[in-house]
Amino acid sequence: MPSLQERLDSGDVLIIDGGMGTELERRGIEMDGAAWAGAVAREHPEAIRAIHRDFIDAGADIIIANTYAAAPHVLRHAGIGKTEACNLNRISCAVAHETVRDAAADRSVLVAGSMSSFRAGLHLDTLPTDEEARASYGAQARVLADAGCDLIIAEMMLDPVISPRAIEAALETGLPVWVGLSARVAEDGAVMGFHQYAQDPFDTVLDACLLPGIQAAGIMHSDIDHTPPALAALKAKWSGPLFAYPHSGHFKMPSWQFDSVISPDDYATEARRYLAEGVQAIGGCCGLGPDHIAALKTALPAHLSN
Ligand SMILES: [Zn+2]
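Residues in the sequence shown are numbered from 72 upward in steps of one, following the numbering used here.
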């Protein structure tokens, strides 16, 4: 079986799964006010398993374990201590691996562990200190590696201060690390940061997060229309493998709003534009479900054309 690096080097096009948290919401699982989907493995591992299964059946080559909002410094705000937090990460990885074994015995499906800049309750005052971030991300990264993840995706990297701590912790495991960045485009066309960094140039985040040793970089959890300009900004500073998995719809506390989600066929058309830009791994983030991933699988070639 070729390694992930070999597959990237040979020009394989890889399908990433769709949004886990929003799919849990869509299926009626209640989100935690502090930790969003971070603690779902405690009560509803079967819901996570069913979603992984649907994404694998839709054609995903990479599924992402439900550890996005499960760093110990996030779960602490949901009343979950570090030991249990690590255990929830372990359970989420095990569910992902078990689903791969059950649903993809005849093909290669990789399990990515997720680490993110998610802050509890989306409140700025729940951001960890530098010291807390190092300890928390370090613990989470070691659990993801020990649980057998094939790679770690650092998701929603959007700030130049805390996000690099997650990437550094992921790199220390020795696993392949993909850096997923969020951006938005201002009315004047400038590519800017996201959330609390919306007034800062995206380049500031890129300079802080494109650390030596990462395997791939991409744009994720960003508007579909904003993704091509953000990819162009990324390509100006990164010449390695690219990935993309934007979102569709919008967040309105406490849940994702699905009323304006793009159709699967229209999303596949957008994805072909990413491919033309050299993006090699494509999936979906919030709002995009198994039907969107199935449309990608149908529409995208198995290899980049030279
Ligand atoms: Zn998202």
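For every residue, glycine included, the Cβ atom is placed at its ideal position computed from N, Cα and C. Small disclaimer: the values here were computed from a predicted structure and weren't measured.
Item, Value
"Near ligand 1: G90 beta-carbon under 7 Å from a heavy atom", "yes"
"Element boundaries [beta strand (DSSP E), containing Q351]", "350-353"
"Cβ shell of M142 (< 7 Å), same chain only, five flanking positions each side left out", "Correcting the residue type first, residue 142 is Ala in the shown sequence and not Met. These residues qualify, in order along the chain: M186, S207, Y208, Q211."
"Check: H266 C-beta below 7 Å from any heavy atom of ligand 1", "no"
"Ligand 1 heavy atom lying under 7 Å from the CB of H318", "yes"
"Which residues DSSP lists as bridging M228, in chain order", "L252"
"Distance, D132 Cα to A269 Cα", "32 Å"
"C-beta contact flag for V262 and A287 at 8 Å", "no"
"Any non-hydrogen atom of ligand 1 closer than 7 Å to C357 Cβ", "yes"
"Residue interval of the beta strand (DSSP E) (run including V182)", "181-187"
"Contact test: H292 Cβ vs ligand 1 heavy atom, cutoff 7 Å", "yes"
"Three-state secondary structure (DSSP) of K153", "helix"
"Nearest-angstrom Cα separation, counted from G90 out to G355", "6 Å"
"Inter-residue CB distance, Q351 and P312 (contact presumed, cutoff 8 Å)", "5 Å"
"Proximal residues to E348 (C-beta, below 8 Å), its chain only, five neighbours per side dropped", "P299, L302, A303, K306, L313"
"Where G104 falls, given that 16 or more other Cβ within 10 Å makes a residue buried", "exposed"
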